[in-house]
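The structure appears below as C-alpha cells.
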C-alpha cells in the first residue's frame, strides 16, 4: 500500500472505478460518506484522496489499494502511447505528459480514442485483405477473446470457486486427481477414456466422441497434458452450464469468438481444479515462486504452473501479479496474459532486446532480466523454453516455444529467481513491449523477430485444446 501520509491525486482512477461499477457521483459519494461536490473535486484532482477515503474505497468496493494507488504507468496510458506512435500521428509530436493528462482527467475519452483506433486498424486490415478469401481474415476473434480475458485481469473468481469445490469432491489429493476424475467420468457421466495411437488420432491430440461417450487421447501426449485433457472433459461435463452462462454474458460478436471464449473459460476452470487457488498460492509463497518446486506437488507442466501464476488476484489473498507471454522461435505470439500492469502491445510484437528470444539459445534453462519500458516502468522477467516432447515431431509449427514470465520490479524480492540481484540498482535493459515504440540506442540495429502471425481460428482452437492451458 502506498504511504497514506503522502498526497495522492487519483481522480482518473477514481472516476474509472465509478464507471466500472456503473455508479453516479451521488451514489458513490453516499457510499463513501462524502458530498457529491467533494467527490467531484477528487475526480478532477482538485483535492487529494485521503487515507480515510482510500480505506473506505477498499472496504466498500473490495479493491486492492496496492494496485489502486500504484504509481506505475496506467494501462490506458501505455495503450495511448502505442497508438500515438503510429506514423499516422507523426506530425503531431504529442508529448507523453499530454497523454498522461488525458488518461488521468478523462479516462473514458482515452478509452474512446483506443476504440476508434482499434476500429481503424481493423478496417485497414480488412481493406488490405480484400483480395484474399474471407477465411484468411480471422485474427479478430482471438483478439476479442484476449481483450475479454485481460478485461478481467485474467481472474475469474466464479471458476476458482468451482475448481476448489470439485477438487475437494475428487478427494483433495493432487497425485490421484487423474484417476479420480476418470472414475467420476465413468460413473457419473458414462464417459470412457481411451489412449489411442497417433496414427489413429492423426492431427488431434484429444477428441470427444459424443455418440460413443468416449474421450480419446493421443498416446503421444505427455503426462501433464493427458491429465489436463481428462480434467478438461470433467470440467465441461460437471460445469458446462455455468461456463455457457458466463460466456453468454460476454456477448461475443460472432460464433468463432464465442467458441474461443468458451474454450478459454474451460481451460481456466481446468487449471483451477488441477491447481486449486488456496493450495496453489500457499505453495507458491512458501517456495518463493520457484516454478520447478511449485509444479511438482500438482504434477503439472512448467507452462501450466507459470500461467496459473497470472491468475492469483483474489481480493485479500493475492499473489505476485505476473504477466506471461508465449512465443515460438520465429517470434509469433500464441499466448499473453497479465494480472498486473505490463503494457502489452496490441498492434505489434515483443521487443528483440527482451531476452525471451535468447532463451532458445539455452534450452531448458531459466534466464532472467530487468527491463525498462519507454515510460520508465521496470519489470523483473524470466524466460525459459518449454519441454520438448513427442508432440514436437508431430507438429513442426509448435516444436520450439518459450514462455516469458515477469512482474513489476517492486515484487521481485519475493522471487527466488531474483536472489543475488541488486534490485535497488539493477542493470535494467531499456526496451519496449514492441519495436515501433522502442527508440533506444542500438535497439534498431538488432534483428527483430517477424511480425506477429495471425493464427487462423481452427489453428488457434487446435493449439489451445491440444496443448491446453
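Numbering (my numbering), first residue to last: 373 to 841. Here a beta-carbon is modelled for each residue, glycine too, at the ideal position from N, C-alpha and C. For clarity, every value in this text was computed on a predicted model and none was experimentally measured.
Looking only at its own chain, which residues have a Cβ that is under 8 Å from the Cβ of residue 788, when we skip the five neighbours before and after it? Excluding residues up to 5 positions away in sequence, 659, 660, 661, 662 lie with their Cβ nearer than 8 Å to the Cβ of residue 788 in the same chain.
Helix, strand or coil at residue 742 [DSSP, three-state]: Three-state result, residue 742: strand.
Within the same chain, show all residues whose beta-carbon is closer than 7 Å to that of residue 482, passing over the 5 residues directly before and after it, in chain order. Excluding residues up to 5 positions away in sequence, 448, 452, 474, 475 lie with their Cβ nearer than 7 Å to the Cβ of residue 482 in the same chain.
Could you tell me whether the stretch 587-596 touches the stretch 619-635, using the rule of 3 or more Cβ pairs below 8 Å? Short answer: they don't touch.
If you drop the 5 nearest sequence neighbours on each side, which residues of the same chain put their C-beta closer than 8 Å to that of residue 518? Short of 8 Å from the beta carbon of residue 518, and not among the five residues preceding or following it, lie these beta carbons of its own chain, in chain order: 708.
Should residue 629 be labelled buried (16 or more other beta-carbon atoms within 10 Å of its own) or exposed? Residue 629 comes out buried.
Beta-carbon contacts of residue 843 that lie in its chain and below 6 Å, excluding the five residues immediately before and after: One cannot answer for residue 843 here, as it falls past the ends of the chain, which runs 373 to 841.
Helix, strand or coil at residue 399 [DSSP, three-state]: Residue 399: helix per DSSP, three-state reduction.
If the criterion is Cβ atoms closer than 8 Å, does the pair residue 778 and residue 753 meet it? Their beta carbons are under 8 Å apart, which means residue 778 touches residue 753 by this criterion.
So the beta strand (DSSP E) residue 612 belongs to, where does it begin and stop? Residue 612 -> not in any beta strand (DSSP E); alpha helix (DSSP H) instead, spanning 595-621.
Burial state of residue 513 (16 or more Cβ within 10 Å): So residue 513 counts as buried.
Which partner residues of residue 643 appear in the DSSP bridge assignment? Within the DSSP bridge table, the entry for residue 643 names no partner.
Span separating the alpha-carbon of residue 556 from that of residue 550: Looking at the two C-alpha atoms, the distance is approximately 10 Å.
Spatial neighbours of residue 403 in its chain, beta-carbon cut-off 7 Å, leaving aside the 5 residues before and after: Excluding positions up to five away in sequence, the list reads 432.
Alpha carbon of residue 415 to alpha carbon of residue 480, nearest angstrom: When the Cα atoms are used, residue 415 and residue 480 turn out to be separated by approximately 13 Å.
Could one say the Cβ of residue 745 lies closer than 8 Å to chain B's Cβ atoms, at least one of them? This model lacks chain B altogether; it includes just one protein chain.
Starting from residue 581, trace the beta strand (DSSP E) in both directions and tell me its first and last residue. Where residue 581 is concerned, the enclosing beta strand (DSSP E) stretches over 578-581.
Here's the rule I'm using: 16 or more other beta-carbon atoms within 10 Å means buried, otherwise exposed. How should residue 424 be labelled? By the 10 Å Cβ count, residue 424 comes out exposed.
Mapping DSSP to helix, strand and coil, what is residue 575? Three-state result, residue 575: coil.
Here's a check: name, in chain order, each residue in its chain whose Cβ is nearer than 6 Å to the Cβ of residue 405, leaving out the five neighbours to either side. Take residue 405, set aside five residues on each side of it, and no residue of its chain has a beta-carbon closer than 6 Å to its own.
Expressed to the nearest angstrom, what Euclidean distance is found between the alpha-carbon atoms of residue 397 and residue 422? For residue 397 and residue 422, the distance between alpha carbons rounds to 18 Å.
Could you give the first and the last residue of the continuous beta strand (DSSP E) run that contains residue 773? From DSSP, the beta strand (DSSP E) with residue 773 extends over 773-780.
When we look at the beta-carbon of residue 755 and count the other beta-carbons within 10 Å, is it buried (16 or more) or exposed? Under a 10 Å Cβ-count criterion, residue 755 is classified as buried, with 16 or more other Cβ atoms of the shown protein chains found around its own Cβ.
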